[in-house]
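Enquirer: Below are the structure tokens for one structure; questions will follow.
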Amino acid sequence: MSWDAQEPPQTRISALGWLRALLRGVALAALCYGGLVLLLLLRLIERPLHGLNRPWTPRITRTVCRMSFPILGMRYRVRGRPMHHIGAVVANHGSWLDIFALNACQNIYFVSKAEVARWPMIGWLARATGTVFIRRDRREAKIQQQVFEQRIRAGHHLLFFPEGTSTDARRVLPFKPTLFEAFFSHGLDRIMQIQPVTVIYHPPDEEDARFYGWWGEMSFGPHLLKVLAQRRQGAVDIVFHDPLDVADFASRKELALRAEHAVRAGLPYEDSRER
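Numbering of the sequence shown is given in our numbering, commencing with residue 12 and proceeding in unit increments.
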């Protein structure tokens, strides 16, 4: 079930805005799909040599995502450092821009709902960059847990959005503990860490505070167009918190709650205190 709230009013796009959106859109598409072609070619060599491990191709993903922000005109800042220990990453989810923002500063592999794999263009990018797709079906829970364990033991940092949905980027919803169960299987809890990360969006001057938020029934196309057409953009901050040792927690619920508190504490808005 999706979290929902009143959507911000739609803004009229001027003729210059349409031109700006076209130029940025073409540049962004060329960057993303040029990077995708390069990644797929390099993967032809990387896969036979390294199998599940990907020592080279994540660098292409990071470079593409980092270069996306100058194209959009958004300021991008990072505080703290991504961990190098075996483990996973959890973050709040406020926008489709999270994918670019979180990929731009670390080597990660997203965990996403299975439907994304069928989305035009986005699905191709997600599959190529090693996204793990899951179904909300109890019958497949054991198989998915095995996949998580295999990827984590291979040194992949899987990134989860434990809220289970995106928001208006002004709050953190309670973390669902279900996916944390995978971290307590077959001794993983004794060797791995979880790193909480907070994504903070600063809207453009004089725009709605939820400008970059994407949630509920909002369509991707109009939201993308709005962002591309914006003359003066805002900023996004990525805040890395101290990693949590899974072994220090007795249950998935305790671990989920501690991770949620860390992510929530990094969000400066009053809305983040709502439960």
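Note that beta-carbon positions come from the ideal geometry of N, C-alpha and C, so glycine has one too.
To the nearest angstrom, how far is it from the Cα of Ile-249 to the Cα of Arg-73?
Expert: 14 Å
Enquirer: So, under 8 Å CB-CB, Val-143 and Val-122 are touching, yes? Tell me the CB distance rounded to an integer number of Å.
Expert: 5 Å
Enquirer: Tell whether a beta-carbon distance below 8 Å holds between Gly-178 and His-104.
Expert: Residue identity differs from the one stated: residue 178 is Thr in this sequence, not Gly. The Cβ atoms of Thr-178 and His-104 lie closer than 8 Å to each other.
Enquirer: For Leu-278, count the other beta carbons within 10 Å of its own beta carbon; 16 or more makes it buried, fewer makes it exposed. Which is it?
Expert: buried
Enquirer: Thinking just about the alpha-carbon of each residue, which of Gly-134, Ser-196 and Gly-141 is nearest to the one in Gly-58?
Expert: The question names Gly, yet the displayed sequence has Arg at residue 58. Cα-wise, what sits closest to Arg-58 is Gly-141.
Enquirer: Taking the alpha-carbon positions, what's the Ile-24 to Pro-215 distance?
Expert: Whole-angstrom Cα-Cα distance: 15 Å.
Enquirer: Which one or two residues does DSSP pair with His-95 in a beta bridge?
Expert: Partner(s): none; His-95 has no beta bridge.
Enquirer: Return the chain-ordered ranges of every alpha helix (DSSP H) run that is complete within the segment 210-247 and spans a minimum of 4 residues.
Expert: Within the segment 210-247, the complete alpha helix (DSSP H) runs of at least 4 residues are 231-240.
Enquirer: Could you have a look at Gln-161 and say whether DSSP puts it in helix, strand or coil?
Expert: Here Gln-161 sits in helix by DSSP.
Enquirer: Here's the rule: buried if 16 or more other CB atoms are within 10 angstroms of the residue's CB, otherwise exposed. What is Asn-114?
Expert: buried
Enquirer: Have a look at Asp-256, Tyr-212 and Arg-146 and flag the residue whose alpha-carbon is nearest the alpha-carbon of Gly-198.
Expert: Nearest option by C-alpha distance: Asp-256.
Enquirer: Does DSSP classify Pro-207 as helix, strand or coil?
Expert: strand
Enquirer: Near Ala-246, what residues of its chain come up, given a Cβ to Cβ distance below 8 Å and the 5 sequence neighbours on each side ignored?
Expert: Excluding sequence neighbours, Ala-246 sits near Met-85, Arg-86, Tyr-87, Arg-88, Tyr-212 and His-213.
Enquirer: So, with DSSP's three-state summary, where would you put Ala-276?
Expert: helix
Enquirer: Using the beta-carbon count (16 or more within 10 Å), is Val-238 buried or exposed?
Expert: buried
Enquirer: Inspect the CB distances between the segment 218-234 and the segment 163-174 and report whether three or more fall short of 8 Å.
Expert: no
Enquirer: What's the C-alpha gap between Leu-236 and Val-37?
Expert: 12 Å
Enquirer: Should Ser-196 be labelled buried (16 or more other beta-carbon atoms within 10 Å of its own) or exposed?
Expert: exposed
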